[in-house]
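Peer 1: Sharing a structure with you now.
Numbering (our numbering), first residue to last: 33 to 211.
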């Protein structure tokens, strides 16, 4: 979901048709109706004139929301876009630092989301090809977890029951097929 910024002034400059409060309301509504939903959010960090306070508004909004995945994009001026001509560009070092901080938050959010899914039976769609590195099957659950499975059977394209059991520091999830 394209949040881009959690600061209303930046959202106005981006000509976004929503404010931070509406975004927050939508995320909470999704989470209330589908508590296990994997909610991914896009952010654009370092939009021209973004202050430390405005960045912090974005950071704090994301921190408090039940977000599972965070995609962090640094602003870069692109020809043909209105923002290409905006003044008050943010220093690239500041953008890099803010992006690193936001990515760390993203890892924390993703780790919490995966942890909450462990040892819970789920359905997953087995991918047609085994993982190129390990040769084992992978399945994707309805809440966007990719789970490496304990079997090498020919199950490509099938929906199976599985249990995610653990994950490593790279967020690779391993699990097992269950009946």
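Ideal placement from N, C-alpha and C gives every residue a C-beta, glycine not left out.
Does the segment 140–148 touch the segment 112–125, meaning 3 or more C-beta pairs lie closer than 8 Å?
Peer 2: Taking 8 Å as the limit for Cβ pairs, the verdict is that the segment 140–148 does not touch the segment 112–125.
Peer 1: Please report how far the alpha carbon of residue 58 lies from the alpha carbon of residue 108, in whole angstroms.
Peer 2: Position 26 of the chain shown, counted from the start, is the residue given in the question as residue 58. Position 76 of the chain shown, counted from the start, is the residue given in the question as residue 108. Distance between the alpha carbons of residue 58 and residue 108: 28 Å.
Peer 1: For residue 100, count neighbouring Cβ atoms within 10 angstroms of its own Cβ and tell me buried if that reaches 16, exposed if not.
Peer 2: As a position in the chain shown, residue 100 is number 68, starting the count at 1. Residue 100 comes out buried.
Peer 1: Using alpha carbons as the reference points, say which of 52, 171, 121, 106 lies closest to residue 96.
Peer 2: Numbered from 1 along the chain shown, position 64 holds the residue referred to as residue 96. Checked all of 52, 171, 121, 106; the closest Cα to residue 96 is 52.
Peer 1: Would residue 80 pass as a contact of residue 125 if the rule is Cβ separation under 7 Å?
Peer 2: Your numbering for residue 80 matches position 48 in the chain shown. Your numbering for residue 125 matches position 93 in the chain shown. Not a contact, by the Cβ cut-off of 7 Å.
Peer 1: Where does residue 92 land, buried or exposed, given buried means 16+ other C-beta within 10 angstroms?
Peer 2: Taking the first residue of the chain shown as 1, we reach residue 92 at position 60. Exposed: under 16 other Cβ atoms inside 10 Å.
Peer 1: What number of angstroms, rounded off, separates the C-alpha of residue 38 from the C-alpha of residue 193?
Peer 2: Here residue 38 corresponds to residue number 6 of the chain shown, with the count starting at 1. Here residue 193 corresponds to residue number 161 of the chain shown, with the count starting at 1. The alpha-carbon atoms of residue 38 and residue 193 are separated by roughly 38 Å.
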